[in-house]
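Residue numbers (my numbering): -19 to 194. Positions of the beta carbon are idealized from the N, C-alpha and C atoms, including for glycine.
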DNA sequence: ACATTAAGTGATT
DNA sequence: AATCACTTAATGT
């Protein structure tokens, strides 16, 4: 494995220097690999072997579950995130239970599995980072379950749109009804009708391929 | 101008 | 809320 470019190391420091101690940053620079994945490509699919843990430097990755042809979006990974779920996964089963699709061109560092366990005892900051990450993902998962169990599709849709607008820091979302329906595991027709209602009620403003959250 | 893709609609379950 | 079957509108070549 070749050493990563110093400029990538700088990016890592920009994002993590207040989180990780110097020695850990150095180790990460020494042993990890740099990867870029463009929009539309898979970072990981269900059943894939997990050989690394991604540390996201840039971009967005949609994490979802899949059963047969059906799918359900769970949450998004962004700058500063890692998939801590993949962490425990790595140590034991090593097969991913999630699908990770790159939604916005992403840059990341791939941390080799065999190192991360040692860091857990060696670095307090790493320990905290992993535990926090776990906690955060769990909360997001609970949120998804709640929405699924207690909300009507219209409420789920609005929540979904607001969530995207919030995390992308842009009230203008570029997406088709078809894509939304896939994320929420429903049909396009249903989304089209609900989008109309939300539009009429003034929650959103929608045009072809675009939705503005108000 | 034509083909493709996205979105809208009525009727039915 | 899902599905079918069809229409209309927007967009790319």
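Beta-carbon gap between residue i and residue j smaller than 7 Å
i: residue 43; j: residue 91; result: no
i: residue 160; j: residue 153; result: no
i: residue 11; j: residue 95; result: yes
i: residue 162; j: residue 83; result: no
i: residue 137; j: residue 183; result: no
i: residue 172; j: residue 85; result: no
i: residue -5; j: residue 60; result: yes
i: residue 56; j: residue 147; result: yes
Exposure of residue i, with buried meaning 16 or more beta-carbon neighbours within 10 Å
i: residue 122; result: exposed
i: residue 101; result: exposed
i: residue 180; result: exposed
i: residue 74; result: exposed
i: residue -16; result: buried
i: residue -19; result: Interpretation of residue -19 is limited by its pLDDT of 48, a score under 50 that renders its predicted location unreliable; no figure is taken from the coordinates.
i: residue 178; result: buried
i: residue 149; result: exposed
i: residue 188; result: exposed
i: residue 125; result: exposed
i: residue -3; result: exposed
Residue span of the alpha helix (DSSP H) that contains residue i, given as start and end
i: residue 124; result: 104 to 130
i: residue 175; result: 168 to 180
i: residue 82; result: From DSSP, residue 82 is part of no alpha helix (DSSP H) but of the beta strand (DSSP E) over 79 to 92.
i: residue -5; result: -14 to -4
i: residue 7; result: 2 to 11
i: residue 71; result: 64 to 71
i: residue 147; result: 133 to 147
Assumed close pair residue i, residue j - CB separation to whole angstroms, cut-off 8 Å
i: residue 155; j: residue 110; result: So it is not a contact: roughly 32 Å between Cβ atoms.
i: residue 87; j: residue 16; result: 5 Å
i: residue 35; j: residue 89; result: 4 Å
i: residue 117; j: residue 64; result: 6 Å
i: residue 157; j: residue 142; result: No, residue 157 and residue 142 are not in contact; Cβ-Cβ is about 17 Å, not under 8 Å.
i: residue 119; j: residue 140; result: Actually they are not in contact, since the Cβ atoms of residue 119 and residue 140 sit about 17 Å apart, beyond 8 Å.
i: residue 133; j: residue 170; result: 6 Å
i: residue -8; j: residue 8; result: 6 Å
First through last residue of the beta strand (DSSP E) which encompasses residue i
i: residue 45; result: 32 to 47
i: residue 163; result: Per DSSP, residue 163 belongs to no beta strand (DSSP E); it is in the alpha helix (DSSP H), 157 to 163.
i: residue 192; result: 190 to 193
i: residue 54; result: 50 to 57
i: residue 187; result: 184 to 187
i: residue 23; result: 22 to 24
i: residue 29; result: No beta strand (DSSP E) holds residue 29; DSSP gives it neither H nor E.
Exercise. Between the region 64 to 80 and the region 18 to 28, do at least 3 Cβ pairs fall closer than 8 Å?
Worked result: yes
Problem set entry | Any 3 or more C-beta pairs closer than 8 Å across the region 93 to 107 and the region -4 to 12 | yes
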